[in-house]
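Number of protein chains: 2
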Amino acid sequence: MEFNVESAIDVLNRTPGALRALLHSLSDDWTRRDEGPDTWSPYDVVGHLIHNEETNWIPRAELILEHGESRPFEPLDRFAQLERFQTESLEELLERFAILRRQNLGTLQELGAAPEVLERRGTHPDFGPVTLRQLLATWVVHDLNHLGQIAQTMSKQVSEAVGPWKAFLPILSR
Amino acid sequence: MEFNVESAIDVLNRTPGALRALLHSLSDDWTRRDEGPDTWSPYDVVGHLIHNEETNWIPRAELILEHGESRPFEPLDRFAQLERFQTESLEELLERFAILRRQNLGTLQELGAAPEVLERRGTHPDFGPVTLRQLLATWVVHDLNHLGQIAQTMSKQVSEAVGPWKAFLPILSR
């Protein structure tokens, strides 16, 4: 696929609705349980997505466009959500994520990144030079990765209940 | 989790909306491409879910309740969708899936399966005795498994575009 800003937005603007459809008003049995130590619940994942909307994608895109490779990105706190979000309802988090995503996609459209602009480079703190195109593609796959993680974590709650069918359900063996 | 009919329906009734939010009007670049030979596109997956609504879950539940272990389930055709659905739009398939799911959950509620009824057994053609509870849990995980598959297949379309971030995105390495 010829990946550009439009193909990114085409997916990115759907994620809040997909998460709302899947998780809104769903029982805590499905949304607040994780897969064991050092794993996240669907609630934690939505918090992680919020934290990334605030600190990752657009701030890094702006850094690339303003400073190029001269100023490395700030490292991210991948676990911030575990402390930040505990008492809010999942419905509040879903709403907050939807608002932030809408604002960020507005900003992305204003940046109006033409194909040549997508080749502009920034500096990642771990692996050095990266392009704006790579950052946008990562934003999309990060959404899908965490959507898949939510599906997996929900599945694991009934891992035993499926009995012998477990052999046919690869999501239970990851 | 104490898995029962309510916890099954709680997830099962969300799947059509989640798929619609994710896929409705999305470009064919995202929805009609697969991961290579012998893999399915998101379009194929929705067709597979339709075929299962028609031939798998409720027909098997009714067979358990009517005939117990005496009559094995009909084997399923896991690839029927590849021939059945080619010319319909994805939007038509999403709508057809939503209608079938609503009907089937109506039937499931009419069955009114109490906890002891969930222990009733049927005969699976491959692995022998299975309970109604296991069938219902499998229905839920099957949905989530295929939701995760759709996220994975979409991700793979931009596998190269993410550049060095690939190392941080496990969904691209499955």
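Top line first, the protein sequences correspond to chains A and B.
115 is the number that numbering that gives the first Met the number 0 gives to position 116 of the first sequence; each next residue is one higher, with no gaps.
117 is the number that numbering that gives the first Met the number 0 gives to position 118 of the second sequence; each next residue is one higher, with no gaps.
Note that CB positions come from ideal geometry on N, CA and C, so glycine has one too.
Just so we're clear, the structure is a prediction, and the values are computed from it rather than from any experiment.
For this session: Would you identify the three-state DSSP class for Val161/B, choosing helix, strand or coil?
Result: coil
Exercise. Could you give the residue range of the beta strand (DSSP E) that holds Pro128/A?
Worked result: 127 to 130
For this session: At 7 Å on the CB atoms, spell out the chain B contacts of Val44/A, in chain order.
Result: The contacting residues do not exist; Val44/A stays about 12 Å from chain B at best.
Problem set entry | First and last residue of the uninterrupted alpha helix (DSSP H) at Thr122/A | Premise fails: Thr122/A lies in the beta strand (DSSP E), 120 to 123, not in any alpha helix (DSSP H).
Exercise. From what residue to what residue does the alpha helix (DSSP H) around Ala97/A run?
Worked result: 89 to 110
Problem set entry | Residue of Glu73/A, Pro41/A, Arg32/A, Ile8/A minimising C-alpha distance to Leu146/A | Pro41/A
For this session: Using the Cα positions of Ala17/A and Leu21/B, report the straight-line distance between them to the nearest angstrom.
Result: 5 Å
For this session: Drop a sphere of 10 angstroms on the beta-carbon of Ser172/A, count the other beta-carbons inside from all chains shown, and report buried for 16 or more, exposed for fewer.
Result: exposed
For this session: Report the rounded CA-to-CA distance for Val44/A versus His141/A, giving the unit in angstroms.
Result: 11 Å
Problem set entry | Buried versus exposed, by CB contacts within 10 Å (16 or more), Pro15/A | buried
Exercise. Hey, Phe2/B and Val161/A: beta-carbon distance below 7 Å or not?
Worked result: no
Problem set entry | Beta carbon proximity, Gln102/A to chain B, threshold 7 Å | no
Problem set entry | Endpoints, the alpha helix (DSSP H) within which Val10/B is located | 4 to 11
For this session: Go through its chain and collect everything with a Cβ distance to Gln151/B's Cβ below 7 Å, but skip five positions before and after it.
Result: Ile170, Arg173
For this session: Report yes if the C-beta distance between Asn103/A and Ile57/A is below 7 Å; otherwise report no.
Result: yes
Exercise. Where does Trp39/B fall in DSSP's three states?
Worked result: coil
For this session: Output, in sequence order along the chain, the residues in the region 47 to 67 of chain B whose CB is closer than 8 Å to any CB in chain A.
Result: none
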